[in-house]
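All letters in the sequence shown, in the order written, are residues 669 to 800 by the working numbering.
Note that beta-carbon positions come from the ideal geometry of N, C-alpha and C, so glycine has one too.
Only a predicted model underlies this, so the values are computations on that prediction, with no experimental measurement involved.
For reference, the structure discussed in these notes is given below.
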Amino acid sequence: MTFAWADFRSAEPDFADTVRRRFEKYPHHVLATLRKDGSPRVSGLEVTFLFGELWLGMMPNSLRARDLPRDPRFAAEAGPPPPFPLFRVELSEVVRTGGEGGELVVRIWHPGRPPRTVRRGNGDGPPHEEGI
Numbered sequence: 669m670t671f672a673w674a675d676f677r678s679a680e681p682d683f684a685d686t687v688r689r690r691f692e693k694y695p696h697h698v699l700a701t702l703r704k705d706g707s708p709r710v711s712g713l714e715v716t717f718l719f720g721e722l723w724l725g726m727m728p729n730s731l732r733a734r735d736l737p738r739d740p741r742f743a744a745e746a747g748p749p750p751p752f753p754l755f756r757v758e759l760s761e762v763v764r765t766g767g768e769g770g771e772l773v774v775r776i777w778h779p780g781r782p783p784r785t786v787r788r789g790n791g792d793g794p795p796h797e798e799g800i
C-alpha cells in the first residue's frame, strides 16, 4: 500500500509540516536507493514540494533515476547534518561551455588574464578564438 505526500499531510498535518520545514531549510539532501544487487547507493538529492506533493529531483538516466523504477524503496535524509565540511575553492581556470546560434561556445578565464571565447560551428572549419 502506498500513500502520496498529501495523504500523509491529511493524516498527520503537524508531523508533515515539521518534515517539510526540515527539507525546505537546506537545498541539498541525501538519497539512498537500492542497486540491482541489493546494496545501497547513496547520493546527493534536491527535494521540492509542488502541487501539495513531494518531488525528488535527479538527472535523467542517472543511476539513482534507474534504481527507483526497478525498486521504489528509498530513504531520504534532510540535510546537511551539522556540522558539515566546507572547502574554499582556489581557482586556476573557469570554463563555461554552451551553445549559441548553432555554434559550440567555450568561454575561458584564467587569473590575471582577460577571458577568451572559442566558437566552433557545425562545419569543417577550424574553431574561431576571440579575446586573444
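Distance, residue j Cα to residue i Cα
i	j	result
residue 714	residue 686	18 Å
residue 724	residue 755	26 Å
residue 695	residue 797	38 Å
residue 682	residue 701	27 Å
residue 677	residue 671	10 Å
residue 716	residue 689	11 Å
Near the ligand MG: residue i beta-carbon under 8 Å from a heavy atom
i	result
residue 732	Ligands are entirely absent from the displayed structure, and the ligand MG is therefore not among its contents.
Proximal residues to residue i (C-beta, below 7 Å), its chain only, five neighbours per side dropped
i	result
residue 711	699 and 732
residue 679	none
residue 762	777
residue 791	none
Among the options, nearest to residue i - alpha-carbon criterion
i	options	result
residue 626	771, 716 and 706	Lying before the first or after the last residue shown, residue 626 is absent from the chain, which here runs from 669 to 800.
residue 781	794, 791, 760 and 772	760
residue 718	741, 791, 674 and 784	674
residue 743	753, 709, 766 and 790	709
For residue i: DSSP bridge partner residues
i	result
residue 730	For residue 730, which the question treats as bridged, DSSP gives no partner whatsoever.
residue 699	711 and 744
Cβ neighbours of residue i in the same chain (closer than 8 Å, five flanking residues each side left out)
i	result
residue 783	775, 776, 777 and 799
Close beta carbons around residue i, own chain, < 6 Å, minus the five adjacent residues each side
i	result
residue 764	775
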